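Visitor: Just dropping this structure here.
Residue numbers (the numbering used here), protein chains in the order written: chain A, 1 to 190; chain B, 1001 to 1185.
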């Protein structure tokens, strides 16, 4: 019987404690945007129990969500993004194809023990695209447009600039030095 | 015994063998099992209060994916966030090195493969092997876990036991590969 009521009790107790703490901290810091709106605070304190009832998982604060921006009314649906031929499933398949292509390109030169400039150039190109797409996905996940529109744009352009710079660097390294595969091999066996 | 089964059992017994005690007590047993609730508790909300509740709800949504968004009993050990973390280490290193290689002539840094190999050769064996292991493990893990996620993308291998076994295979094989690459190659 205790096991039936325990989760609910625990959740409500924990939530009540966190509400009290948050209300206290909001009162202590009048610059907080929430402190400016006392109606907001009272509503939240009143309805937080009901809000929590819809959230089955416990709260995680490892990566706190950013500031909240709600456009329109509460009943407006989430906007559907404009369809784009290079986004969505094509983009997804492209990411996977690049990743799958990297597996033989990474393993083959070391397994075969030969130096082939063509393979090395292909490896560099795919690594660059793979990294670029990976960083793009990271930015999309952790710097959402709805919360940080300016920062999102800045991050994307910084990434584009960095990728161009890194592409130039890889080209220089491939043409002036021994190539990525051979360089790694020499350093590894040094 | 689960309390919700009491009434059911009483009903079954009453149905199988007529018994005056149970047939008299069925209404009471059934009532004891009912949940009681107060009157409707939904107050009328002003639009700004509704906005406040929505904002509060949205603040509780987890930012995904991150390390504590996965279940330890299921996909935590083989989660894609590990592939992302290990991949970011290497992509970050690649970006830093290549950018540094471009500006090296201006700053006078020596980042040619010959000087890098010399520096590596000069390092003591323990340091060299340690660094090699710390590079080899994320590499092997990214390769193996990434391959598994490519398999998952074909909607194959989502059985819970296979997920758990796969995590074991990935961790042991990546550790063995990393030890081999660090100390044998």
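Cβ coordinates follow ideal geometry from the N, Cα and C atoms, glycine included.
The structure displayed is predicted, hence computed values, not measured ones.
Output needed in chain order: residues of the segment 1044-1056 of chain B with a Cβ under 9 Å from some Cβ in chain A.
Guide: Hits within the stretch, in order: 1045, 1046, 1047, 1048, 1049, 1050, 1051, 1052, 1053, 1054, 1055 and 1056.
Visitor: Is residue 190 of chain A near residue 1178 of chain B, with beta carbons less than 8 Å apart?
Guide: No. Outside cutoff.
Visitor: Step through the CB atoms of chain A and report whether any lies within less than 8 Å of the CB of residue 1116 of chain B.
Guide: It does; some Cβ of chain A falls within 8 Å.
Visitor: Using a Cβ-Cβ cut-off of 6 Å (strictly less than) and excluding sequence neighbours within five positions of residue 1181 of chain B, which residues of its own chain qualify?
Guide: Around residue 1181 of chain B: 1136.
Visitor: If contact means a Cβ-Cβ distance below 9 Å, which residues of the segment 1144-1156 of chain B contact chain A?
Guide: Listed by position along the chain: 1146, 1147, 1149, 1150 and 1153.
Visitor: With DSSP as the reference, label residue 29 of chain A as helix, strand or coil.
Guide: Note that residue 29 of chain A has pLDDT 45, beneath the 50 cutoff, so the model's placement of it is unreliable and no number is given.
Visitor: Quick one: is residue 1099 of chain B near chain A, going by C-beta distance under 8 Å?
Guide: Yes, because at least one Cβ of chain A sits closer than 8 Å to the Cβ of residue 1099 of chain B.
Visitor: Please determine, among A:70, A:96 and A:138, the residue with the shortest C-alpha to C-alpha distance to residue 156 of chain A.
Guide: Checking every option, the nearest Cα to that of residue 156 of chain A belongs to A:138.
Visitor: Quick one: what's got a C-beta closer than 6 Å to residue 163 of chain A's C-beta in the same chain, skipping five residues either side?
Guide: So the qualifying residues of the chain are 132.
Visitor: Return the CA-CA distance between residue 37 of chain A and residue 1060 of chain B, expressed in angstroms with no decimal places.
Guide: Low per-residue confidence applies at residue 37 of chain A: pLDDT is 48, beneath 50, and the placement is therefore not dependable, though the value from the model is reported in the following sentence. Using only the alpha carbons, I get a separation of about 19 Å.
Visitor: If we count the other Cβ atoms within 10 Å of its Cβ and call it buried at 16 or more, is residue 67 of chain A buried or exposed?
Guide: So residue 67 of chain A ends up on the exposed side.
Visitor: Does the Cβ-Cβ distance between residue 1098 of chain B and residue 187 of chain A come in under 8 Å?
Guide: Not in contact: residue 1098 of chain B and residue 187 of chain A (Cβ atoms no closer than 8 Å).
Visitor: Classify residue 75 of chain A: buried if its beta carbon has 16 or more other beta carbons within 10 angstroms, exposed otherwise.
Guide: So residue 75 of chain A ends up on the exposed side.
Visitor: Among B:1066, B:1159 and B:1092, which residue has its Cα nearest to the Cα of residue 1082 of chain B?
Guide: Considering only alpha carbons, the answer is B:1066.
Visitor: Return no unless some Cβ of chain A is closer than 8 Å to the Cβ of residue 1058 of chain B.
Guide: Chain A contact via Cβ: present.
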